[in-house]
Amino acid sequence: MPEGRPTISSSRVSTGDISNHTFAIVRRGFDADEVKSYLQSVARSIEVLEQREQELRAAVAAADERAAHPVIDEATLTASLGQHSAQILRHAHEEAARIVVQAQEGASTLLREAQSQADEMQTRSEAGAAERVAEAELMVATTEQDARAEAERIRGAAMTEGEAIIGQAKDEGRALLEQVQVARKRVLADLASRRRALSIQIEQLRAARDEMVASINGARDSVDGILTNLGQTDETARAAAVAAGDEARLRAPGGVYDEESALAVPDEGGASSAADGPDDNGGTTPSVDELFARIRAGSDDPAQAPEAPATGAEAAPSETISEEAPPVGPDDALIVRRDELLSPVIIQLARHIKRALGDDQNRLLDVLRGAPSAQGDVLLGPEDLHLSTFATAAQGHLADAFGAGTVYAGGEAGGASPGTAVEQSAAGLARTVVTMLRRRIEEGTDSGEDVAERIGAAFREWRGERIERLVGDFAVQAFSAGVAAATAGGSVRWVLTSSNGCSDCDDNALAGAVPTASGFPTGHFYPPAHSGCRCLVAPTPG
């Protein structure tokens with residue numbers, strides 16, 4: 001490049017920077033789309049100028065290249081050596097330099113104008129943004145002040161309303177508390193009245209029981225006396241006949257004595273074989289009954305005299321005992337009916353579970369004989385298999401108890417589906433037995449107690465009243481489930497079978513008739529409510 005030519009500055013903003021430049025967005029500022037559009041138009045103008053500049057630069061570079069490396073043949077070179085050619089070349093160089101300078105000046109002018117316009121627009125945008133920010137801050141302050149005033153107003157109104165509601169709630173609470181206290185007093189009075197009535201009934205039952213015991217003892221004494229007298233009948237009859245003969249001989253005129261008539265004994269009808277009638281002296285011959293009466297009257301030993309048949313009030317206790325005693329309470333008939341249906345099932349269930357216990361004990365002893373040091377699952381076997389043994393033993397009888405419950409509720413045996421009730425009862429019974437057995441057998445491992453002794457002690461604990469009470473609990477559960485299934489959609493009531501039950505049973509009994517599907521106040525749907533509970537649920541009419 002020739003020396004002295006002005007250089008073109010490259011320190012300028014590109015068109016891409018102008019078109020892609022972004023500004024901060026503030027509230028109530030310039031329209032971002034309008035600013036963007038204007039900047040894009042400026043960028044396009046500058047881009048045209050830059051293209052023109054590039055073209056000029058390329059022309060200058062080509063001219064420089066041609067000037068630095070001219071390709072001229074000898075004829076041309078000779079012709080060009082003239083003054084005119086040299087002048088043209090100078091003019092070309094000057095024109096090129098002038099064009100480059102003009103292009104640079106135009107580009108600089110356009111760039112300055114664009115930069116000035118951009119700065120002006122930025123200044124206006126900043127001023128407008130500052131103005132909008134000030135307006136926004138003023139508006140926010142005003143809005144905040146109004147919001148605080150409104151919040152204070154709402155808070156005051158809420159506090160006033162809340163105090164009114166609290167006061168009303170307190171009044172309603174006091175009224176409700178008074179109602180509850182009145183209801184409590186009424187319930188306590190009713191319970192006290194019922195307790196007094198029950199106490200009276202209990203005392204009456206105890207008196208009736210004592211009277212029945214006394215009557216039974218009296219009847220027993222009477223029966224024992226009758227049996228004793230029946231054993232002495234032959235001796236008494238002979239003695240009476242001898243006494244009658246002696247008396248007749250003494251009373252006979254002239255000492256005439258008819259031994260055949262005197263020794264006559266009564267026949268089966270109680271009459272003498274010799275006809276009673278006037279004797280030879282015109283007197284009346286005493287009958288055998290009169291003779292026995294005279295003998296009894298003159299006997300010094302009361303045990304030798306036969307007792308007269310009991311009549312009137314003395315016969316009443318024997319007649320009462322011979323009859324079935326009527327139920328004492330209003331629900332005794334329901335309880336007796338339940339026991340008639342369920343007792344045979346409980347007996348069979350207890351017998352079957354005891355047999356299963358014996359088989360299980362023999363199984364463990366057989367394992368112990370083969371492996372004397374066996375412990376844990378090696379001795380007891382898998383717990384699932386252990387549970388299934390007792391569940392299988394109980395399931396059939398519990399199904400019978402469920403069927404008895406459906407019959408008790410007025411349905412037919414097998415008419416109601418047991419669902420999972422029987423399986424749950426059988427699984428619960430098996431779980432209780434197996435858990436306690438395994439725990440009892442395993443708990444003596446560290447004490448050094450002999451394994452066979454632990455097995456024997458564990459099974460002895462389950463062969464008495466404990467297993468009978470347990471099977472009774474689950475049989476009552478299955479029976480009650482049958483009653484509930486047969487009365488689905490109806491209502492039942494909780495019937496107490498003992499006066500010393502738990503508070504849950506008392507609460508359920510006081511609830512009266514409840515829908516079968518809703519359950520009783522304690523959450524139970526049917527008995528048992530606790531271990532040993534023998535209450536029952538009875539269908540209610542309607």
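So the sequence shown is residues 1 to 542, counted in this note's numbering.
For each residue, glycine too, the CB sits at the ideal point set by N, CA and C.
Under the 10 Å beta carbon count, ILE467 is surrounded by 16 or more other beta carbons and is classified as buried. Using a Cβ distance threshold of 9 Å, ALA484 and VAL492 count as a contacting pair. Take the alpha-carbon of PRO382 and the one of ASP400: they are about 29 Å apart.
For SER343, the enclosing alpha helix (DSSP H) begins and ends at 332 to 370. Under the DSSP assignment, LEU536 falls in the beta strand (DSSP E) whose first and last residues are 536 to 539. Below 8 Å, too few C-beta pairs join the stretch 433 to 441 and the stretch 510 to 523 to call them touching: fewer than three.
In this structure LEU429 touches ALA394 by the C-beta definition: roughly 5 Å separates them, less than 8 Å. Scanning LYS354, ILE353, VAL378 for the CA closest to the CA of LEU365 turns up VAL378. ASP33 and GLU94 have their alpha carbons spaced roughly 46 Å apart. When beta bridges are read from the DSSP output, SER491 appears opposite PRO515. Note on geometry: alpha-carbon atoms of ALA158 and LYS36 lie some 52 Å from one another. Distance from the Cα of LEU470 is smallest, within the candidate group ASP507, VAL451, HIS530, for HIS530. LEU536 sits close to SER480, with the two beta carbons spaced by under 9 Å.
Annotation: the continuous alpha helix (DSSP H) that includes ARG460 extends over 451 to 461. In this structure, the beta-carbon distance from PHE474 to SER425 falls below 9 Å. Here the stretch 56 to 66 makes no contact with the stretch 131 to 145; the two share fewer than three CB pairs at distances below 8 Å.
The residues GLY490, SER491, VAL492, ARG493, ALA513, in chain order, have a CB closer than 8 Å to that of THR540 in the same chain once the five nearest residues on each side in sequence are set aside.
The shortest C-alpha to C-alpha distance from ALA97 to any of ALA58, ASP359, HIS69 is the one to ALA58.
Judged by DSSP in its simplified three-state form, GLY403 adopts helix.
Under the 10 Å beta carbon count, ASN508 is surrounded by 16 or more other beta carbons and is classified as buried. Here HIS93 carries a helix assignment [DSSP, helix/strand/coil].
Rounded to the nearest angstrom, the gap between the Cα atoms of ALA151 and THR143 is 12 Å. Put simply, of ASP450, GLN104, ALA68 the residue whose alpha carbon is nearest the alpha carbon of LEU89 is ALA68.
Here DSSP, grouped into helix, strand and coil, assigns GLN424 to helix. Per the coordinates, the alpha-carbon of ALA92 lies some 31 Å from the alpha-carbon of GLU113.
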